[in-house]
Amino acid sequence: MRVCVIGTGYVGLVTGVCLAHSGHHVICIDNNEEKVKLMKAGQSPIYEPGLSELMQSSAQSGRLEFSTDLGAGVKHGEILFIAVGTPPLPTGESDTRYVEAVARGIGVHLNGGYKVIVNKSTVPIGSGDWVRRIVLDGIEERQKTLVTAGGGGVPEPIHADFDVVSNPEFLREGSAVYDTFNPDRIVLGSNSKKAIAMMQELYIPIVERKFADDPSLPHVPVVVTDLSSAEMIKYAANAFLAVKISFINEVANICDRVGADVTQVARGIGLDSRIGSKFLQSGIGWGGSCFPKDVSALIHTADDYGFQTELLNAAVHVNQRQRVIAIEKLQHELKILKGKTIGLLGLTFKPDTDDMRDAPSLTLIEQLNRLGAKVKAYDPIVSQSGLSHGLTGVIIETDPEMLADGCDALVLVTDWKEFLSLNYEKMAKSMFNKVLIDGRNFLSREALEEIGFRYVGIGH
Ligand SMILES: NC(=O)C1=CN([C@@H]2O[C@H](COP(=O)(O)OP(=O)(O)OC[C@H]3O[C@@H](n4cnc5c(N)ncnc54)[C@H](O)[C@@H]3O)[C@@H](O)[C@H]2O)C=CC1
Ligand SMILES: O=C(O)[C@H]1O[C@H](OP(=O)(O)OP(=O)(O)OC[C@H]2O[C@@H](n3ccc(=O)[nH]c3=O)[C@H](O)[C@@H]2O)[C@H](O)[C@@H](O)[C@@H]1O
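Residue numbers (the numbering used here): 914 to 1373.
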């Protein structure tokens, strides 16, 4: 099928590349010229395992193109994906201005045959109908320009036939390509049978697990709903996962006090199939570009209807406290932090991504600076990129041993695999105090204690 994906962030680029790999003809549109130039040259603007290889092979096959020309993209696609960002406003609401600009742009360029317009971006509940209206506004805008250009004559009315579908995305950064080819479900929300049928056809290779790790698994379930329910599924899924992490973090804090080990507790409860073992890893709190913004947006939506969320507010509150738990632990070990040097192992909000949006490391840097500590950091991706990533108040070291040099404590912030095999013995030798706060319960307490580290986990 012919597909146009508008917005080439994590979601748009991965969607476009994976659909092209599935055999569709895809044009990816972005209004950032630098990004498009990079992608045309075969380079991925984001770090995502496996993406560059797939991007290059799809481009070579002629099924994947990149452009800044929205008009060309709209003309090409039978299915038009809106995949631009919906960042949080200071109020917690979702900023839908980029979606609005794209929907209007689609309307301005729409002409001819039937199109399915897909909301892939995470958008507030009710946005499907709103997008429809904005597209109609765009069509009207174009109609007016035709009247003006026609010098007063009556131009032909623009023929534009389209439906809107909500198709929320559930991929995780760091495993986005894997998640796209191995989804737990595909959600399609629309009141148009024709649009749903086209979306089902588009996803046949993925539903039939053509590129899955285990092609013998049953087909991927497709959940067909109305527009609002599909939009709600996205928010409810992220909110549930955030609540689950806040829950285990609360349990970890109790473990710390009573002397239990949260990693053993998580295993013990996670084997109950009603609970499940995933997303029970306690640590220094959830972050990233989506959990914080989506939970806030859902709280805000409820508030718009005069409904006060209790559980979601508590999950956010627990998370805010958790994001400074490493500071409490450092103060407990080192007492005064003013003048001390703290080394952060990892900066990104999770491993295998270069994304720094709402990363817990940012809270730590800010708080440590406020308390007068000197902050250094090493991150496998951020340190290599040579870019500052807009970070202030932190010295970026180029290797873990330089990071440890002169430190009073190390804090493991991101569970990058390479941190499992660092030369901690050598690192300990150049530290003033051998304290290691393991913010992800990731390293071996026994091995580190043997080297002489004072190891402090989170409820562990
Ligand atoms: N990042 C993630 O892992 C996930 C994100 N989502 C949702 O997907 C949406 C996109 O998220 P990301 O990919 O992280 O976004 P992003 O912020 O990384 O990328 C958005 C892209 O859209 C482009 N753009 C903005 N306005 C445009 C316009 N008028 N025309 C063409 N391109 C335009 C930007 O240049 C940028 O490349 C958001 O709603 C997000 O909540 C959903 C699931 C996972
Ligand atoms: O809407 C989105 O953008 C995406 O948000 C999350 O994906 P992502 O933010 O990439 O990362 P996660 O792996 O979910 O981790 C989010 C945060 O929770 C933390 N986390 C995760 C799991 C866990 O057990 N404990 C824990 O603290 C991570 O360290 C990270 O800070 C969801 O997992 C995706 O399904 C969703 O599509």
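We put the beta carbon where it would ideally sit given N, CA and C, even for glycine.
Item	Value
Per-residue DSSP class, three states only, for H1213	helix
Distance between I1109 and Q1297 (C-alpha atoms, nearest Å)	44 Å
8 Å Cβ cutoff met for V1324 and I1255	yes
Contact test: V1175 Cβ vs ligand 1 heavy atom, cutoff 7 Å	no
Rounded separation between K1028 and E1279 - CA only	48 Å
Inter-stretch contact (C-beta, 8 Å, three-pair minimum) for the segment 1147 to 1159 and the segment 1222 to 1236	yes
Within 8 Å, strictly: CB atoms of I1019 and V1048	yes
Residues surrounding ligand 1 [beta-carbon distance to nearest heavy atom under 6 Å]	I919, G920, T921, G922, Y923, V924, G925, I942, D943, N944, N945, K948, A996, V997, G998, T999, Y1011, A1014, V1015, S1034, T1035, E1082, L1084, E1086, S1202, C1203
Check whether M952 and H937 have beta carbons under 8 Å apart	no
Those residues which DSSP pairs with C931 across a bridge	DSSP output for C931 lists no bridge partner at all.
Cβ-based neighbour list, E1246, same chain, cut-off 7 Å, excluding 5 preceding and 5 following	A1322, V1348, R1367, V1369
Three or more C-beta pairs below 8 Å linking the segment 1261 to 1273 and the segment 1194 to 1210	yes
Test item: CB-CB of V1090 and G963 under 8 Å	yes
Spatially closest choice to E1082 from C941, A1073, H1373, T928, by CA coordinates	T928
Whole-angstrom distance between L1356 and F1332, CA atom to CA atom	8 Å
Sufficient close CB pairs (3 or more, under 8 Å) joining the segment 1302 to 1318 to the segment 1204 to 1211	no
Cα-Cα separation, P1001 to E1086	18 Å
Helix, strand or coil at R1283 according to DSSP, with G and I counted as helix	helix
Cutoff 7 Å; reference P1293; Cβ partners in own chain excluding five residues on either side	W1329, E1331
Spatial distance of N1395 from V1060 (CA atoms)	Any question about residue 1395 goes unanswered here, given that the chain covers just 914 to 1373.
Simplified DSSP state of S1079, which is helix, strand or coil	strand
Heavy atom of ligand 2 within 7 Å of L1275 beta-carbon	no
Complete runs of the beta strand (DSSP E) confined to the segment 1222 to 1274 [at least 3 residues]	1254 to 1258
Simplified DSSP assignment, three categories, for L926	helix
Contacting residues, own chain, Cβ-Cβ under 6 Å from S1343 (five flanking each side not counted)	A1317, D1318
S980 in three-state terms, based on DSSP	strand
When I940, E1114, Y1291 are compared against M1340, the one with the closest alpha-carbon	Y1291
Of the residues I1364, N1354, G1352, the one placed nearest N1346, counting alpha carbons only	I1364
Residue from D1351, T1266, H1302, G1372 with nearest C-alpha to Y923	T1266
Cβ-heavy atom distance, I1158 to ligand 3, below 7 Å	Within the structure as shown, ligand 3 is missing, the only ligands being ligand 1 and ligand 2.
C-beta atoms of S1190 and G1181 nearer than 8 Å	no
S1007, DSSP secondary structure in three states	strand
Buried versus exposed call for N1336 [16 or more other C-beta atoms within 10 Å across all chains shown]	exposed
Limits of the unbroken beta strand (DSSP E) element including V1171	Not the beta strand (DSSP E): V1171 falls in the alpha helix (DSSP H), residues 1140 to 1171.
Sub-8 Å separation of T1276 and V1237 beta-carbons	yes
Contact test: N1151 Cβ vs ligand 2 heavy atom, cutoff 7 Å	yes
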